[in-house]
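Number of protein chains: 2
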Amino acid sequence: MNGAHVLIRTLVANGVDVCFSNPGTSEMQFVAALDDVPEMRAVLALFEGVATGAADGYGRMAGRPAATLLHLGPGLGNGIANLHNARRARTPVVNVVGDHATYHRPFDAPLTSDIEALARNVSGWIRDTTRPGDVARDAVEAVRAAVGPPGCVATMILPADVTWEEAGEPLGPAAPAGARGVDDAALETVVKALRGGEPAALLLGGRATRGRALVAAARVARAAGAKLLGEVFPARLERGAGLPPVERLGYFAEFATAQLEGLRHLVLVDAPPPVSFFAYPGRPSGLVPPGCEVHALVPPDGDAALALEHVADALGAPPGEYVRQPAGRPARPTGGLTAQSLADAVGAVLPEGAIVVDEAQTGGLFVPGATAGAPPHDWLTLTGGAIGQGLPVATGAAIACPDRKVLCLEADGSAMYTLQALWTQAREGLDVTTVLLDNRSYAILEIELARVGAAGGGGPRARSLLELDDPELDFVALARGMGVGATRPADAQELTVALERALAEPGPHLVDVRLPARL
Amino acid sequence: MNGAHVLIRTLVANGVDVCFSNPGTSEMQFVAALDDVPEMRAVLALFEGVATGAADGYGRMAGRPAATLLHLGPGLGNGIANLHNARRARTPVVNVVGDHATYHRPFDAPLTSDIEALARNVSGWIRDTTRPGDVARDAVEAVRAAVGPPGCVATMILPADVTWEEAGEPLGPAAPAGARGVDDAALETVVKALRGGEPAALLLGGRATRGRALVAAARVARAAGAKLLGEVFPARLERGAGLPPVERLGYFAEFATAQLEGLRHLVLVDAPPPVSFFAYPGRPSGLVPPGCEVHALVPPDGDAALALEHVADALGAPPGEYVRQPAGRPARPTGGLTAQSLADAVGAVLPEGAIVVDEAQTGGLFVPGATAGAPPHDWLTLTGGAIGQGLPVATGAAIACPDRKVLCLEADGSAMYTLQALWTQAREGLDVTTVLLDNRSYAILEIELARVGAAGGGGPRARSLLELDDPELDFVALARGMGVGATRPADAQELTVALERALAEPGPHLVDVRLPARL
Numbered sequence: 314m315n316g317a318h319v320l321i322r323t324l325v326a327n328g329v330d331v332c333f334s335n336p337g338t339s340e341m342q343f344v345a346a347l348d349d350v351p352e353m354r355a356v357l358a359l360f361e362g363v364a365t366g367a368a369d370g371y372g373r374m375a376g377r378p379a380a381t382l383l384h385l386g387p388g389l390g391n392g393i394a395n396l397h398n399a400r401r402a403r404t405p406v407v408n409v410v411g412d413h414a415t416y417h418r419p420f421d422a423p424l425t426s427d428i429e430a431l432a433r434n435v436s437g438w439i440r441d442t443t444r445p446g447d448v449a450r451d452a453v454e455a456v457r458a459a460v461g462p463p464g465c466v467a468t469m470i471l472p473a474d475v476t477w478e479e480a481g482e483p484l485g486p487a488a489p490a491g492a493r494g495v496d497d498a499a500l501e502t503v504v505k506a507l508r509g510g511e512p513a514a515l516l517l518g519g520r521a522t523r524g525r526a527l528v529a530a531a532r533v534a535r536a537a538g539a540k541l542l543g544e545v546f547p548a549r550l551e552r553g554a555g556l557p558p559v560e561r562l563g564y565f566a567e568f569a570t571a572q573l574e575g576l577r578h579l580v581l582v583d584a585p586p587p588v589s590f591f592a593y594p595g596r597p598s599g600l601v602p603p604g605c606e607v608h609a610l611v612p613p614d615g616d617a618a619l620a621l622e623h624v625a626d627a628l629g630a631p632p633g634e635y636v637r638q639p640a641g642r643p644a645r646p647t648g649g650l651t652a653q654s655l656a657d658a659v660g661a662v663l664p665e666g667a668i669v670v671d672e673a674q675t676g677g678l679f680v681p682g683a684t685a686g687a688p689p690h691d692w693l694t695l696t697g698g699a700i701g702q703g704l705p706v707a708t709g710a711a712i713a714c715p716d717r718k719v720l721c722l723e724a725d726g727s728a729m730y731t732l733q734a735l736w737t738q739a740r741e742g743l744d745v746t747t748v749l750l751d752n753r754s755y756a757i758l759e760i761e762l763a764r765v766g767a768a769g770g771g772g773p774r775a776r777s778l779l780e781l782d783d784p785e786l787d788f789v790a791l792a793r794g795m796g797v798g799a800t801r802p803a804d805a806q807e808l809t810v811a812l813e814r815a816l817a818e819p820g821p822h823l824v825d826v827r828l829p830a831r832l
Numbered sequence: 314m315n316g317a318h319v320l321i322r323t324l325v326a327n328g329v330d331v332c333f334s335n336p337g338t339s340e341m342q343f344v345a346a347l348d349d350v351p352e353m354r355a356v357l358a359l360f361e362g363v364a365t366g367a368a369d370g371y372g373r374m375a376g377r378p379a380a381t382l383l384h385l386g387p388g389l390g391n392g393i394a395n396l397h398n399a400r401r402a403r404t405p406v407v408n409v410v411g412d413h414a415t416y417h418r419p420f421d422a423p424l425t426s427d428i429e430a431l432a433r434n435v436s437g438w439i440r441d442t443t444r445p446g447d448v449a450r451d452a453v454e455a456v457r458a459a460v461g462p463p464g465c466v467a468t469m470i471l472p473a474d475v476t477w478e479e480a481g482e483p484l485g486p487a488a489p490a491g492a493r494g495v496d497d498a499a500l501e502t503v504v505k506a507l508r509g510g511e512p513a514a515l516l517l518g519g520r521a522t523r524g525r526a527l528v529a530a531a532r533v534a535r536a537a538g539a540k541l542l543g544e545v546f547p548a549r550l551e552r553g554a555g556l557p558p559v560e561r562l563g564y565f566a567e568f569a570t571a572q573l574e575g576l577r578h579l580v581l582v583d584a585p586p587p588v589s590f591f592a593y594p595g596r597p598s599g600l601v602p603p604g605c606e607v608h609a610l611v612p613p614d615g616d617a618a619l620a621l622e623h624v625a626d627a628l629g630a631p632p633g634e635y636v637r638q639p640a641g642r643p644a645r646p647t648g649g650l651t652a653q654s655l656a657d658a659v660g661a662v663l664p665e666g667a668i669v670v671d672e673a674q675t676g677g678l679f680v681p682g683a684t685a686g687a688p689p690h691d692w693l694t695l696t697g698g699a700i701g702q703g704l705p706v707a708t709g710a711a712i713a714c715p716d717r718k719v720l721c722l723e724a725d726g727s728a729m730y731t732l733q734a735l736w737t738q739a740r741e742g743l744d745v746t747t748v749l750l751d752n753r754s755y756a757i758l759e760i761e762l763a764r765v766g767a768a769g770g771g772g773p774r775a776r777s778l779l780e781l782d783d784p785e786l787d788f789v790a791l792a793r794g795m796g797v798g799a800t801r802p803a804d805a806q807e808l809t810v811a812l813e814r815a816l817a818e819p820g821p822h823l824v825d826v827r828l829p830a831r832l
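Residue numbers (my numbering), protein chains in the order written: chain A, 314 to 832; chain B, 314 to 832.
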């Protein structure tokens with residue numbers, strides 16, 4: 314069996330049966346082998362940033378990795394930004410990068426570059442598989458590393474000759490690494506801190522924003538009288554009616570500072586200490602208030618759910634007793650299209666079990682509030698801050714969860730990074746509704762321009778670099794050009810109806826929401 | 314003066330007055346400073362791959378660098394593929410990458426990554442400018458390094474605090490490095506090899522495919538009875554009626570092998586030894602035939618024109634005596650749209666002084682032949698093999714040469730990588746006509762799938778990964794969605810008229826040419 318066959322069969326045997334691909338010549342053996350292994354679903358993306366973002370979305374929802382198939386260094390380069398987001402989300406991804414044949418590398422052919430140096434930036438595990446006999450073993454290790462915990466991007470560099478040489482037989486799955494046991498000392502410290510009655514908060518991140526961990530955290534919070542905070546950009550937050558409401562830290566450091574003010578204990582649960590997203594002149598980078606002790610409950614490879622349950626029990630928190638988000642939806646909005654009426658429209662119609670992919674930026678400011686009491690749903694965000702994440706993540710999430718509706722809240726400037734994802738959605742017939750927040754500007758940067766205190770900031774030449782209105786982008790035409798039906802509602806009522814229809818009808822849709830240019 | 318002002322003023326004083334930008338928060342000081350330095354033209358791109366490709370196109374045509382302005386590691390990642398092409402073209406580029414404030418780096422904020430590791434892949438020079446007082450000096454050195462020879466991507470990493478702190482005064486230009494003098498030993502070897510009367514060829518690359526160097530090479534070729542070959546993908550080839558015709562090596566190794574067969578001497582002029590673009594089972598990587606001696610006339614930082622003139626004189630080649638391409642155009646084509654009628658249409662109307670950006674892939678096979686005798690023009694190609702280069706390079710070339718027409722031959726699959734360039738063309742009102750070669754497939758990969766000899770290659774699942782027809786892309790809608798007028802001619806006559814009109818009218822146009830799905 315050649316290396317390509319061994320790789321694909323080993324991946325499938327290890328639970329990796331979706332591959333987001335944009336192959337080139339060096340990956341043709343992999344492509345050719347697909348006909349012999351129908352268990353592997355290959356999804357074509359028109360750009361590698363779509364493939365890697367889709368793998369991120371898939372991994373976040375499926376809880377197991379998808380593979381990618383990228384073409385040498387430049388293909389990996391195109392996928393770096395969304396692998397960066399996946400790294401920050403600790404999403405399991407098996408990142409397969411084709412390379413020149415091993416013996417071709419010294420010839421420095423035009424596409425040659427240092428793939429490993431690029432990959433190191435985003436990968437928790439890297440292997441350059443230069444011998445055909447190692448393909449099966451390396452593939453097993455890649456999946457195991459990707460799954461974690463913690464999850465990571467595991468990059469396998471695959472020279473072309475390794476794919477066409479005889480490579481033995483595929484391997485079945487290795488035992489997963491499994492989470493590390495609970496650290497009694499950390500547990501005791503946290504219990505003691507929370508028992509003291511001083512102002513405290515839990516900061517949930519990683520895999521602590523859902524499932525058992527989330528419920529246990531809510532029990533702890535109630536028993537200790539502590540706040541339940543979430544990181545600014547969670548990978549996947551479960552929320553909605555009946556679930557514990559988590560207060561996400563604000564993106565702007567001033568807001569986060571206010572949320573953390575007065576705390577004496579901050580318990581990190583699978584989350585890093587809160588920091589300012591960017592630096593600003595004269596403002597602090599770290600956001601932990603003076604006098605506040607920080608306690609990490611679990612290491613990155615720890616079992617957050619188990620640790621939280623121990624803490625809850627130690628605090629005597631009764632099972633099932635925690636604050637629950639009351640059900641409630643905003644009224645169907647009327648009037649003009651504004652950030653608020655958009656939020657209300659989403660809140661009015663969001664279906665149960667929806668997967669919301671949020672790259673809405675400023676125009677989406679009010680949507681979390683308007684959807685808080687909607688039926689339970691998942692919320693996926695821009696974990697690494699590298700824009701162009703939303704449409705691809707929505708694509709991958711839809712493939713991971715074909716029975717659920719995906720709602721992608723996508724800002725216009727961010728959409729233009731990886732708009733090609735719409736074509737993959739059409740090709741695969743995915744149930745994704747994209748709400749295009751069309752304010753014709755990089756509005757977040759207009760705010761940031763003022764915040765960095767730039768001398769003379771905001772002159773016409775500076776502002777023109779933040780505006781997308783000359784010419785205006787026609788997202789209805791752009792979506793249709795990629796085979797996705799699109800509408801442009803004229804007011805909030807039309808928007809609500811358009812959303813309902815798009816969510817009810819199978820296949821992808823785009824709703825272009827023309828918002829005022831300024832918030 | 315703050316660091317941002319010092320940087321921009323120093324760049325302008327050193328001849329860098331165009332900046333292709335997609336800024337974020339960490340670059341806001343740079344943006345704010347633009348209003349104070351009107352000599353710097355900032356061009357907004359909707360994606361970093363457009364910005365870096367435009368800088369490549371600008372540098373190839375202007376002969377001096379443009380700057381970029383990219384947002385941390387992910388922004389650089391998005392720009393890597395076209396910087397890879399620029400590296401292979403040895404285009405001068407001053408690649409400015411904003412970073413977090415120096416003191417913010419240890420906090421590992423979400424957008425933090427190893428910018429230097431990414432940059433090393435594509436840069437001939439890198440500097441992490443961590444002190445405001447070094448900005449001016451580093452900017453001068455960056456320009457000097459970028460200009461070369463050889464030209465390179467010079468990357469300047471610019472922390473946000475360095476841009477807002479007091480940074481002294483800007484600096485004027487340093488003396489350029491200048492080319493190394495002629496190497497008498499190399500010269501003598503080449504003269505001796507060419508005098509012997511054995512079969513010989515010159516292989517022109519880099520800056521030897523134009524101007525004085527090209528003419529001197531043609532004199533040498535005529536005097537020595539040697540072939541005049543060009544590298545597969547020249548950065549900028551001058552060609553057309555009255556100019557020396559250069560026979561480019563074929564992309565497929567079989568063709569290049571045939572072109573090189575029987576040679577006893579191959580003189581490299583600013584070009585690397587010929588290698589196969591990819592490896593194929595059982596075929597050689599290096600393409601120099603057995604028994605052929607390879608002579609490098611100049612080192613990478615040498616003066617190819619001067620060296621060639623010395624060789625020509627030593628061979629007694631009379632000035633002005635060399636083979637010239639006869640003038641001639643194909644007849645205006647009639648009938649259906651095919652690769653041949655497309656080529657004839659371009660050949661029939663290509664204006665004098667046009668800049669042709671060629672990312673046409675298989676559909677463009679016949680265009681070089683059909684334009685060989687057109688009035689003199691420049692031909693810019695996919696130097697590094699990283700697709701998504703054409704539309705951005707055309708954008709930058711148009712900014713470098715506002716008095717010339719740019720014709721971009723763009724394959725559909727490659728177009729979808731960096732289609733956002735159309736918006737920048739519209740915004741800047743650039744004279745770019747894009748001929749979209751729309752065959753609804755990655756046709757080159759369909760050929761490569763067969764060539765790699767994949768077992769069972771070409772099954773329906775493999776082939777479906779190489780096809781772009783489900784759904785079909787509507788490039789007229791896509792272009793209009795970004796503010797670029799577009800037409801879809803029905804036959805070769807309409808195509809010829811559409812091309813003439815698009816080239817005559819100011820501003821960008823797109824002509825969608827529906828070609829047969831197979832060559």
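Think of the CB as a built atom: it goes at the ideal place given N, C-alpha and C, for glycine as much as any other residue.
Paired residues, beta bridge with residue i - DSSP
i        : result
B:Leu581 : B:Leu516 and B:Ala609
A:Phe333 : A:Val356 and A:Thr381
A:Ser754 : A:Glu780
B:Val456 : In DSSP, B:Val456 forms no bridge with anything.
B:Asp691 : B:Glu551 and B:Ile668
B:Pro405 : For B:Pro405, which the question treats as bridged, DSSP gives no partner whatsoever.
Terminal residues of the beta strand (DSSP E) in which residue i lies
i        : result
B:Ala355 : Arg354 to Leu357
A:Lys277 : One cannot answer for residue 277 of chain A here, as it falls past the ends of chain A, which runs 314 to 832.
Length of the line joining the Cα atoms of residue i and residue j
i        : j        : result
B:Gly703 : A:Asp447 : 39 Å
B:Pro557 : B:Ala449 : 43 Å
B:Thr809 : B:Ala658 : 5 Å
A:Asp833 : A:Val329 : A question about residue 833 of chain A goes unanswered here, because the residues of chain A that appear run from 314 up to 832.
B:His822 : A:His318 : 45 Å
A:Glu511 : A:Ala537 : 9 Å
CB contact below 8 Å: residue i versus chain A
i        : result
B:Asn434 : yes
B:Val475 : no
B:Ser727 : no
B:Ser598 : yes
B:Ala569 : no
B:Ala885 : Residue 885 of chain B lies beyond the range of chain B shown here (314 to 832); nothing can be said about it.
B:Leu359 : yes
Cutoff 8 Å: residue i Cβ touching any chain B Cβ
i        : result
A:Phe565 : no
A:Thr338 : yes
A:His397 : yes
8 Å Cβ cutoff, residue i in contact with chain E
i        : result
B:His578 : Reference to chain E is not applicable here, since the protein chains of this structure are A and B.
Unbroken alpha helix (DSSP H) run spanning residue i, endpoints
i        : result
B:Ala652 : Ala652 to Val662
Exercise for the section: Taking a Cβ distance cut-off of 7 Å, strictly less, list which residues of the region 366 to 392 of chain A are near chain B, in chain order. Expected result: Listed in sequence order: Gly386, Pro387, Gly390 and Asn391.
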